[in-house]
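Undergrad:
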Amino acid sequence: METNTGLYRLTDYSNHFKILQILLYKDLIINSTNVRILGIHLMNYGLDWRVHQHRHSFFEFHYVTENDVYTTIHSTEYRIAANHFYLIPPGAYHSHRQAPGSSHIGFALRWEFITETDSPRPLQHQTVSNELTAIVSTLLQASSQPICDNHRVIQNTLITILEDTPGNHPLITFQLRLCQLILQIADFYRSPLANRPSEANLPFLENQIVKNAVRFIDENFAMEIQSEDISHAVHVSYSQLARLFKRYTGETLTCHLNRIRLGQAQLLLKCSTKSIGQIAREVGYNSEYYFCSLFKKFYGISPRHYRVSWDRLNE
Numbered sequence: 051m052e053t054n055t056g057l058y059r060l061t062d063y064s065n066h067f068k069i070l071q072i073l074l075y076k077d078l079i080i081n082s083t084n085v086r087i088l089g090i091h092l093m094n095y096g097l098d099w100r101v102h103q104h105r106h107s108f109f110e111f112h113y114v115t116e117n118d119v120y121t122t123i124h125s126t127e128y129r130i131a132a133n134h135f136y137l138i139p140p141g142a143y144h145s146h147r148q149a150p151g152s153s154h155i156g157f158a159l160r161w162e163f164i165t166e167t168d169s170p171r172p173l174q175h176q177t178v179s180n181e182l183t184a185i186v187s188t189l190l191q192a193s194s195q196p197i198c199d200n201h202r203v204i205q206n207t208l209i210t211i212l213e214d215t216p217g218n219h220p221l222i223t224f225q226l227r228l229c230q231l232i233l234q235i236a237d238f239y240r241s242p243l244a245n246r247p248s249e250a251n252l253p254f255l256e257n258q259i260v261k262n263a264v265r266f267i268d269e270n271f272a273m274e275i276q277s278e279d280i281s282h283a284v285h286v287s288y289s290q291l292a293r294l295f296k297r298y299t300g301e302t303l304t305c306h307l308n309r310i311r312l313g314q315a316q317l318l319l320k321c322s323t324k325s326i327g328q329i330a331r332e333v334g335y336n337s338e339y340y341f342c343s344l345f346k347k348f349y350g351i352s353p354r355h356y357r358v359s360w361d362r363l364n365e
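According to my numbering, the sequence shown holds residues 51 to 365 in order.
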């Protein structure tokens, strides 16, 4: 199934991919962490393939072996050429498309890590657990920019797995090999070059991070979110996001969140008969006292007096 150019055609392994479906949703437990494979399949969808924007709670890895495809992640579109791959972390909005009249071939691997936090962890297992935690952290913070698999390390590992599928190997053999594949993916993202955008793209990518943070706030301000929740949603550290946000917007994350919440509170005070406490809760504040203090700090007037003043203006 190797061509005369030394490359493999994944389409020759379509039945092998089907055999691997037996691995889905069968956990491999490493100390207190379950590694669960959710999907491994051939990507050969024909001309003009398109998937609209969506997100999910697991990792999704795509590897292109022939032609190319376009993927948009957090509003940034990337072209993924042959022998390149990219990783979509949990919660990242993304979509896919082909250029008109084109198609691509590759494979996709989906998985999740489930940690049993309540289970005791023997001291001798802590080193392995800490290493696994570091791997998960690496994958969560990985850049979504496509990476070239110059020596076909990942492709060769996959081919080895596929060629062994018709055999009588135990199920755990393939579970361990897919875990090895995930570790190889993590190794790529551990490289300093993998997560370092070019200087030309850096301002654009930083701006995208800030725009994604603003969108997250706009969509979730009514919930009990903190600054750390925002940084987690855009997959950067809190300190990095705080620095970028201040640079690009001129205000802190907390200030922006409060401004959005209080702006919505103004509308509710003017356009509804809801109580002050109810309005406070609807815009994300559990404490009516804190809400009133913050409102007065921002606007120089209490919510109650603001409502009375507005009503008088409209009499």
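Even glycine gets a Cβ: it sits at the ideal position worked out from N, Cα and C. As the structure is a computational prediction, the values presented were derived from the model and not from experiment.
(1) What separation, rounded to the nearest whole angstrom, lies between the Cα atoms of Leu60 and Glu213?
(2) For Met93, count neighbouring Cβ atoms within 10 angstroms of its own Cβ and tell me buried if that reaches 16, exposed if not.
(3) Taking C-beta to C-beta, are Lys76 and Gln225 nearer than 8 Å?
(4) Pair every Cβ in the region 257-274 with every Cβ in the region 285-304, then say whether three or more of these pairs are closer than 8 Å.
(5) Can you tell me the Cα-Cα spacing of Ser343 and Asp268, whole angstroms?
(6) Measure the Cβ-Cβ separation of His154 and Asn117 and say whether it is below 8 Å.
(7) Please give the ranges of any beta strand (DSSP E) in the region 84-122, keeping only runs that are unbroken, at least 3 residues long and fully inside the region.
(8) Let me know the secondary structure DSSP gives Ala315 once reduced to three states.
(9) With 16 other CB atoms within 10 Å as the buried threshold, where does Ser194 fall?
(10) Comparing alpha-carbon positions, which option in Arg362, Thr223, His144 and Arg331 lies nearest Ser125?
(11) Measuring straight from C-alpha to C-alpha, what distance separates Ala325 and Thr304?
(12) Which residues in the same chain have their Cβ closer than 6 Å to the Cβ of Ala315, if we skip the five residues on either side of it in sequence?
(13) With DSSP as the reference, please indicate the residues paired to Glu127 in a beta bridge.
(14) Taking 8 Å as the cut-off, decide whether the C-beta atoms of Arg39 and Asn133 are in contact.
(15) Exposed or buried, His146, counting other C-beta atoms within 10 Å across all chains shown (16 or more means buried)?
(16) With DSSP as the reference, label Arg265 as helix, strand or coil.
(17) Excluding five sequence neighbours on each side, which residues of the same chain lie with their C-beta closer than 7 Å to the C-beta of Tyr349?
(18) Determine, using beta carbons only, whether Gly89 and Ala142 come nearer to each other than 8 Å.
(19) Between Tyr239, Arg240, Val119 and Leu208, which lies nearest to Gln230 when the distance is taken from Cα to Cα?
(20) For Ser241, which residues from the same chain have a beta carbon less than 6 Å from its beta carbon, with the 5 sequence-adjacent residues on both sides left out?
(21) Taking the alpha carbon of Phe135 as the reference point, which residue from Ile235, Ile69 and Arg100 has its own alpha carbon closest?
(22) Expressed to the nearest angstrom, what Euclidean distance is found between the alpha-carbon atoms of Gln290 and Leu70?
(23) Looking only at its chain, what residues have a beta carbon closer than 6 Å to the beta carbon of Leu137, apart from the 5 residues adjacent to it on each side?
(24) Cα separation between Ile280 and Phe266?
(25) Quick check: Glu162 and Phe238, are their CB atoms within less than 8 Å of each other?
(26) For Asp361, count the other beta carbons within 10 Å of its own beta carbon; 16 or more makes it buried, fewer makes it exposed. Which is it?
(27) Taking the alpha carbon of Thr83 as the reference point, which residue from Ser337, Ala292, Asn336 and Val186 has its own alpha carbon closest?
TA: The short version:
(1) 11 Å
(2) buried
(3) yes
(4) yes
(5) 22 Å
(6) yes
(7) 100-104 and 109-117
(8) helix
(9) buried
(10) His144
(11) Rather than Ala, the amino acid found at residue 325 in this sequence is Ser. So the alpha carbons of these two residues sit roughly 25 Å apart.
(12) Ile329 and Val333
(13) Thr122
(14) What the structure shows of the chain is the stretch from 51 to 365, and residue 39 is not part of that stretch, so it cannot be assessed.
(15) buried
(16) helix
(17) Tyr356
(18) no
(19) Leu208
(20) none
(21) Ile235
(22) 40 Å
(23) Phe111 and Ala192
(24) 7 Å
(25) no
(26) exposed
(27) Val186
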